[in-house]
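A quick write-up on the structure given underneath.
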Amino acid sequence: MSSIRLEALKLANARKPVTINHTAKKSEIFGSNVFNDKAMRQYLTPEAYRAVKDAVDFGKKIDRKLADNIAQGMRDWAMSKGVTHYTHWFQPLTGTTAEKHDAFFETSFDGKDPLEKFNGSQLVQQEPDASSFPNGGIRNTFEARGYTAWDPTSPAFIFGTALCIPTVFVSYTGEALDNKAPLLRALSVVDQAATAVAKYFDKNVKKVTPTLGWEQEFFLIDSALANSRPDITQTGRTLLGHVSAKGQQLEDHYFGSIPSRVMSYMRDLEYECMLLGIPVKTRHNEVAPNQFELAPIFEETNLAVDHNSLLMDLMQKVAERHDFKVLFHEKPFKGVNGSGKHNNWSLATDTGINLLSPGKTPMSNLQFLTFFINTIKAVHQYEDLLRASVASASNDHRLGANEAPPAIVSIFIGHQLTKVLEELENVKKGKLSPQEKTDLKLNVVGKIPDVLLDNTDRNRTSPFAFTGNKFEFRAVGSTANCANPMTTLNSIVARQLIEFKKQVDQLIDTKGLKKDEAIFNVLREYIKETKSILFEGDGYSEEWEKEAEKRGLSNNKNTPSALKAKVSKKSIELFDTLGVMNATEVEARYEIELEEYIKKIQIEGRVLGDIARNHVIPTAIQYQNQLIENVKGLKEIFGKEYEELAKEPIILIRKISGHIAAINENVHLMIDERKSANLTEDIEKKAYAYCNEIRPYFDIIRHHADKLELLVDNEMWTLTKYRELLFTK
Ligand code: ADP
Ligand code: MG
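The structure is reproduced here in structure tokens:
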């Protein structure tokens, strides 16, 4: 057997679970590496503590002098835990996280007065030499450099030996160069818009917080096996490999007992999560072999987004100790399920109410219906933008391929709520009589809580589903930074709520309607207008594709076509008027994402060409030569009779030649297409060329390579096989 595959298998098979000795109770260690409330009370003056709290709760600016005090407290706290460096931790548009470490150390130029130092300005601002982060021309246009600025709403934490300070990353002209800055702006506008609407129901509401609970799916593969595959190490997925005889058809992995090596990895990971204050709660096997899921208790959205990014880093780091590699890719293996990252989303008031949870009284249910229907309206209006917010080369393998969920955005609300909406649709226009009001309260609005409790039917094929007390955006990919979909969702809902408030107020002011009458009137029209986005059936079916087309819903199956919605007039106007992003910022992101798409497909094409030519073909030839020797030998021994005896080897020899020729030819053609695409200056055209002209060769080349895998002697095959990658535990 090829030495790399053999060595990898030997290593993987000899592994034992790593012994984990964490005994501390979760509640005791939770957040101990976070500069949280407890640490702040201990290390900050009461004034400085107040300043941070006010910044978090009310967005107040922090005074320079107090910033010095906060920095000092942070430094003392961090140094008490063995920390030597600090870094501004940020989320550039590459989708990962970035950091630049500086020591807590200063000295004068002649080496005198060495000192452990960290002051307010270092806390508040840092300049990472950022010329190599993608910026879609923003910095070129404005000839400005980027700097990072402290985000006090997400607490500093210790990672390794560094104090990490969550920051936004912006240009000197104020354009956001990262994922966090637009997210914070979107969260702030949805807070204002939702608070204004929530005041219809309770005057005491001062703040509305969008909440996010993500569910991270991933594959866990032995590191030696993963590293033996050049496609996995370079692209995060397998570009070829015949599906194994046993895949997920028995569904014996789902919710089965977690394998022991994985279990000790999970325990170790959970321990690290606790230290960092990431409230992970559930862990279980997923549908595909070696696929798992981790989900936290939901949190305020900005913090949840940071925690997800941090978790992804942490998962890879802890995996090293356990000789695993985490595959976050949406489709690392053909023939088994891919991975997603469901984003559970809701809105919570500072009075402790979940606005998407039906209440106990008719009034609180009217509040629920208001936010529920406005969310539907927002998605209805911006379904293509929502689809664009989860577009990426890797997520294309789920959306629009034969994988959950489809590329068409629709909303599932379940049978019971559908009925409620149908009844509300019949509410009379204008003023209501006392009898009509009582009827509404008793028979429609008042009934929601108990019907929802029984409403357990869940449609797994829906990309955007209402699940009892929250919406679940399921189209988000497992590699994604949640900031992008969360910025979009919160922006469109904010916009919708602003519009709603205007309409309701107008009915009250000009038509003399009572508040609840006005609300019923506006909601009734929304129900009528948004029917095309509601869908309860099978999202994978062909009939739905046809039906959706009739309804005018978009169905953008690949990234270049999906992204286009980001730069439509309607989208630019949305982000611009809300102050979430200006046109330049939106266009920059569009360009960056197209470019990233091109690069990803380009790398995959190169790697595939390489593997096909220098792994697959040489191995096939080697085996073919063996067959030829066999035929020659038969001829030598048996003379004319050999024709009968060598029938099978000769057929095999021909088949192998056919596949080799096909691979060679198609790799050539693919390279030619790449060359021609690379000459294209227009980035949109280039992305389409990579999508439509280059990518189709992947399947053709793979088909022939996978056939060869079945023909060639297993002992000779150099690439670690699917059954080995997926079933080694
Ligand atoms: P599923 O069946 O989809 O796995 P779960 O009940 O496990 O559903 O919950 C999934 C996620 O929903 C969890 O991460 C949880 O924290 C999150 N979640 C629950 N309530 C809310 C909420 N109000 N806002 C945001 N996320 C929530
Ligand atoms: Mg879920």
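Quick note on the UniProt record's numbering: the sequence shown kicks off at 1 and runs consecutively. Note that CB positions come from ideal geometry on N, CA and C, so glycine has one too.
In DSSP terms, what residue i is bridged to
i: Gly477; result: Gly340
i: Val168; result: Ala149
i: Trp214; result: Asn343
i: Thr209; result: Ala348
i: Asp313; result: Looking at the DSSP assignment, Asp313 forms no beta bridge with any residue, so it has no partner.
i: Asn630; result: None; Asn630 has no bridge partner.
i: His668; result: DSSP, once it has assigned bridges, lists no residue as partnering His668.
i: Leu163; result: Tyr86, Ile158
i: Phe466; result: Phe471
Neighbourhood of residue i by C-beta distance below 7 Å, restricted to the same chain and skipping five residues each side
i: Leu711; result: Leu652, Lys655, Ile656
i: Thr720; result: Arg5, Ala8, Leu225, Ser228, Arg229
i: Leu725; result: Ile221, Leu225
i: Gly537; result: Trp544
i: Gln248; result: Val287, Ala288, Pro289, Val336, Asn337
i: Ala67; result: Gly120, Leu123, Val124
i: Thr351; result: Asp202, Asn204, Val205
i: Pro649; result: Leu627, Asn630, Val631
i: Ser260; result: Pro17
i: Asn36; result: Pro155, Gly277
Reduced DSSP category for residue i - H, G, I as helix; E, B as strand; rest coil
i: Arg283; result: strand
i: Glu591; result: helix
i: Ser346; result: strand
i: Ile20; result: coil
i: Leu432; result: coil
i: Leu711; result: helix
i: Lys721; result: coil
i: Ile413; result: coil
i: Thr361; result: coil
i: His85; result: strand
i: Phe333; result: coil
i: Val326; result: strand
i: Asp202; result: coil
i: Phe30; result: coil
Cβ-Cβ distance between residue i and residue j below 9 Å
i: Asp384; j: Ala494; result: no
i: Asn343; j: Glu472; result: yes
i: Val190; j: Ala181; result: no
i: Phe218; j: Glu272; result: no
i: Thr349; j: Lys207; result: yes
i: Arg387; j: Ala562; result: yes
i: Ile376; j: Val420; result: no
i: Trp150; j: Val170; result: no
i: Leu269; j: Phe157; result: no
i: Phe118; j: Phe104; result: yes
i: Arg185; j: Val580; result: yes
i: Ser392; j: Gly477; result: yes
i: Thr619; j: Thr718; result: yes
i: Lys325; j: Ser394; result: no
i: Asn558; j: Asp396; result: yes
i: Ile20; j: Ser257; result: no
i: Ile165; j: His284; result: no
i: Leu708; j: Ile671; result: no
i: Ser244; j: Arg723; result: yes
i: Leu424; j: Leu507; result: no
i: Leu534; j: Thr461; result: no
Close-in-space but distant-in-sequence residues of the same chain around residue i (CB under 6 Å, 5 per side omitted)
i: Arg398; result: Glu330, Gly338
i: Thr456; result: Note that Thr456 scores a pLDDT of 48, beneath 50, so its modelled location is shaky and nothing firm can be said.
i: Pro362; result: Lys441, Val445, Gly446
i: Gln291; result: Phe219
i: residue 732; result: The question about residue 732 has no answer here: the residues shown for the chain are numbered 1 through 729.
i: Pro560; result: Ala687, Tyr688, Cys691
i: Leu311; result: Ile278
i: His380; result: Thr530, Ile533
Cutoff 8 Å; reference residue i; Cβ partners in own chain excluding five residues on either side
i: Leu645; result: Leu634, Phe638
i: Glu549; result: Asn555
i: His22; result: Arg267, Asp268, Tyr271
Check: residue i C-beta below 8 Å from any heavy atom of the ligand GDP
i: Ala198; result: Summarising the ligand content, the structure contains the ligand ADP and the ligand MG and does not contain the ligand GDP.
Legend entry - Cβ pair count under 8 Å reaching 3, the segment 72-80 against the segment 43-56: Contact between the segment 72-80 and the segment 43-56 is present: 3 or more CB-CB pairs across the two stretches fall below 8 Å.
Legend entry - Three-pair Cβ contact test at 8 Å for the segment 285-299 versus the segment 204-215: Under the Cβ criterion (8 Å, minimum of three pairs), the segment 285-299 counts as touching the segment 204-215.
Legend entry - Any 3 or more C-beta pairs closer than 8 Å across the segment 300-308 and the segment 482-489: Inter-segment contact for the segment 300-308 and the segment 482-489 is present: three or more beta-carbon pairs are separated by less than 8 Å.
Legend entry - Three CB pairs or more closer than 8 Å across the segment 412-423 and the segment 456-470: With the cut-off at 8 Å, the segment 412-423 and the segment 456-470 touch.
Legend entry - Contact the segment 591-610 vs the segment 429-443: 3+ CB pairs below 8 Å: As far as the Cβ criterion goes, the segment 591-610 does not touch the segment 429-443, which means the pair count is below three.
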